[in-house]
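**Q** In the working numbering, the protein residues as written are 3 to 441. The beta-carbon is built from N, C-alpha and C at its ideal position, and this holds for glycine as well. Supplied in structure tokens, the structure appears directly below.
Here you go:
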């Protein structure tokens, strides 16, 4: 037989001492002689001090933990507050200008995690991926752009958001964007035939565009630029070239890539930008000198673009090790020698209308004139190409002016001055003045 003791105090800690014990199986237990009971053991002073130190330590530790949690909560709250304020500021741009905002998750799924196989191309501003939005079942092009500056991000979003308001059949439509940390994703309509340069510079005869298709695309781009330049707010594209003209399934030309686009003032001048931007061969002489983009510098680039499409040649080509052939100069020389037919893309195999070919080339030369004020406005260019207006009567005299320091014209805008000389019917007094001044 076994006997023992048990005690329960819950979560509390207590110490019990058994100093006496009387036990009898049957009958009355023997009385305990209390005089013989030993004294209770005394607690050591060090134990009491340890207990006090432990209590103090636990208290201080608890306060430290609570303080840390409080500080962390305040920091997180302030960060969330700043993030919320930033997002609210950006949302105001969205509300004002209207592009949709996509979630990163949707774009990640649409592009299969931005997989290399979905990559359509790379540019100076980022990479472009093909994607399919599952909820809409629509194919899109997603441009991934990296920004290190939050201020730069806000300005870029504001710029793109404004362009998102543009609605024209010959502009690539901006569907929306997504922001994630330092990255910006722009979502555009997907163009199944990619960019025009893939056709112009493709050696495969099956991929060659016909003459009618080329003229149609040139007119499409002219319509887009006329809209940008003469909309309620002037927009200067600053990067017109074949690789920025995209083609849909029906080979309709659509101007895209507004990464360099800027707003112009009433005179068609970008008052902010002073650094040179654009692509070699498309940059107007005055833009290279002053770094100021205008609607006239866009017109110059369009002129080069026209020649590029008709000739099937790049704006600048290296011939040999050192010599570079400038397309504008090459076509001008052939025009001057009355040998325009020699510049036409040989892949066309003479399958074009001679008069229409000469018209497009002459319009291209006029648009890429070294004297900015002698370039027509894009609305006038469109009328020339559509046959609604003839070229200026003194066209030959205009093209023979090769000095870009034509001080007599002052600072008149290209569209107003060109309209004046076009409708006046003659340029003889002006040309005579240039000859007299030794230019």
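From this set, 187, 221, 298 and 251, which residue's C-alpha is nearest residue 238's C-alpha?
**A** Translated into positions along the chain shown, residue 238 becomes position 236. Closest by alpha carbon: 298.
**Q** Could you check the C-alpha separation between residue 18 and residue 76 for me, to the nearest Å?
**A** Residue numbering aside, residue 18 sits at position 16 when the chain shown is read from its first letter. Residue numbering aside, residue 76 sits at position 74 when the chain shown is read from its first letter. Spanning the two alpha carbons is a distance of roughly 48 Å.
**Q** Is residue 297 helix, strand or coil by DSSP?
**A** On the chain shown, position 295 is the one that residue 297 refers to. Three-state result, residue 297: helix.
**Q** Within 10 angstroms of its Cβ, does residue 343 collect 16 or more other Cβ (buried), or is it exposed?
**A** Here residue 343 is taken as the residue at index 341 of the chain shown, counted from 1. Exposed, because fewer than 16 other Cβ atoms sit within 10 Å of the Cβ of residue 343.
**Q** Would you tell me roughly how many angstroms separate the C-alpha atoms of residue 132 and residue 123, rounded to the nearest one?
**A** As a first step, residue 132 must be located in the chain shown, where it is residue number 130. As a first step, residue 123 must be located in the chain shown, where it is residue number 121. C-alpha separation (whole angstroms): 9 Å.
**Q** For residue 331, which of helix, strand or coil comes out of DSSP?
**A** Translated into the one-based positions of the chain shown, residue 331 becomes position 329. In this structure, residue 331 counts as helix in the three-state DSSP scheme.
**Q** What did DSSP end up calling residue 24 once you bin it into helix, strand or coil?
**A** For the purposes of this step, residue 24 is taken as the residue at position 22 of the chain shown. The three-state reading of DSSP puts residue 24 in coil, since its state is none of H, G, I, E or B.
**Q** Give every residue of the same chain whose Cβ lies closer than 7 Å to the Cβ of residue 404, excluding the five residues on either side of it in the sequence, and list them in chain order.
**A** On the chain shown, position 402 is the one that residue 404 refers to. Hits under 7 Å: 372.
**Q** Please name the residue, chosen from 336, 121 and 137, that lies closest to residue 104 on a Cα-to-Cα basis.
**A** Walking along the chain shown from the start, residue 104 turns up at place 102. When only C-alpha atoms are compared, the closest one is 137.
**Q** Whole angstroms are fine: how far does the CA of residue 4 sit from the CA of residue 68?
**A** Taking the chain shown and counting its residues from 1, one reaches residue 68 at position 66. Taking the chain shown and counting its residues from 1, one reaches residue 4 at position 2. Whole-angstrom Cα-Cα distance: 51 Å.
**Q** Residue 313 and residue 347 - do their beta-carbons sit closer together than 7 Å?
**A** The sequence position of residue 347 within the chain shown is 345, counting from 1. The sequence position of residue 313 within the chain shown is 311, counting from 1. Cβ distance < 7 Å, so residue 347 and residue 313 count as in contact.
**Q** Roughly how far, in whole angstroms, is the beta-carbon of residue 370 from the beta-carbon of residue 288, given that I think they are within contact range, below 8 Å?
**A** Position 368 of the chain shown holds residue 370. Position 286 of the chain shown holds residue 288. That belief does not hold up - the Cβ atoms of residue 370 and residue 288 are roughly 12 Å apart, past 8 Å.
**Q** Express the C-alpha separation of residue 224 and residue 329 in angstroms, rounding to a whole number.
**A** By 1-based counting over the chain shown, the position of residue 329 is 327. By 1-based counting over the chain shown, the position of residue 224 is 222. Answer to the nearest angstrom: the Cα atoms are 20 Å apart.
**Q** Do residue 135 and residue 112 have their C-beta atoms closer together than 7 Å?
**A** If you number the chain shown from 1, residue 135 lands on position 133. If you number the chain shown from 1, residue 112 lands on position 110. Yes, they are a contact pair.
**Q** Rank 301, 388, 41 and 22 by C-alpha distance to the C-alpha of residue 33 and give the top, closest one.
**A** Position 31 of the chain shown holds residue 33. Nearest neighbour of residue 33 by Cα position, chosen from 301, 388, 41 and 22, turns out to be 22.
**Q** By DSSP, does residue 265 sit in helix, in strand, or in coil?
**A** Residue mapping note: residue 265 aligns to position 263 of the chain shown, counting from 1. Looking at residue 265 - three-state DSSP - the assignment turns out to be strand.
**Q** Hey, residue 327 and residue 336: beta-carbon distance below 7 Å or not?
**A** Mapped onto the chain shown, residue 327 falls at position 325. Mapped onto the chain shown, residue 336 falls at position 334. The answer is no: Cβ separation not under 7 Å.
**Q** Sort 70, 265, 391 and 367 by Cα distance to residue 399 and report the nearest one.
**A** Here residue 399 is taken as the residue at index 397 of the chain shown, counted from 1. The option with the nearest alpha carbon to residue 399 is 367.
**Q** When the distance is taken between beta carbons, is residue 365 closer than 7 Å to residue 386?
**A** Walking along the chain shown from the start, residue 386 turns up at place 384. Walking along the chain shown from the start, residue 365 turns up at place 363. Result yes, Cβ atoms of residue 386 and residue 365 sit closer than 7 Å.
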